[in-house]
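In this note's numbering, the protein residues as written are 1 to 123.
In this text, a Cβ means the ideal position worked out from N, Cα and C, and glycines have one as well.
Because the structure is a prediction, the values reported are computed rather than measured.
Written as structure tokens, this is what we have:
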């Protein structure tokens, strides 16, 4: 059997505990699952998303879309006609407003939530 990279012998020699000697008892780490809650929380705290939430900034990625007044006017008009957009209307609006279909879908989702908040506040 070849003793190349990633063989059992190679991995044993390259571990943090140093090379393993034959005849000695292997050292094992305490048996703690890798997905233990404290491990997950530590991983979450060190993630860029978590740091952005703490600092109040946006998660790195796509910048926020600023809709023009004409785009908003057309989106609002379409929303007044029907709160849930169909595939055909979504394609039509995306082409007419020079936006992606996912931007149209997201705008409608956000607008429905805004509508829901407004109607609940009015009660």
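Inset, instruction - Specify the secondary structure class of residue 108 as computed by DSSP and reduced to three states. - result: The DSSP-derived three-state label of residue 108 is helix.
Legend entry - Reference residue 107, options 81, 95, 65 and 87, closest by Cα: Residue 65 is the option with its Cα nearest to residue 107.
Legend entry - Where residue 115 falls: helix, strand or coil (DSSP): helix
Inset, instruction - Evaluate contact between the segment 60 to 75 and the segment 96 to 103, counting only Cβ atoms and requiring at least three cross-stretch pairs below 8 Å. - result: yes
Legend entry - Residues near residue 61 in its chain [Cβ-Cβ closer than 8 Å; skip 5 each side]: none
Legend entry - Whole-angstrom distance between residue 7 and residue 117, CA atom to CA atom: 59 Å
Inset, instruction - Go ahead and label residue 72 buried or exposed: buried means 16 or more other beta carbons lie within 10 angstroms of its beta carbon, across all protein chains shown. - result: exposed
Legend entry - Nearest-angstrom Cα separation, counted from residue 13 out to residue 29: Legend: pLDDT at residue 29 = 48, less than 50; position of this residue unreliable, value from coordinates given subsequently. So the alpha carbons of these two residues sit roughly 16 Å apart.
Legend entry - residue 70 at chain C interface by Cβ criterion, 8 Å: In the structure shown, chain C cannot be found, because there is only a single protein chain.
Inset, instruction - Please look up how many angstroms separate the CB atoms of residue 83 and residue 112, rounded, as I've assumed it's under 8 Å. - result: Sure, about 6 Å apart at Cβ, within 8 Å.
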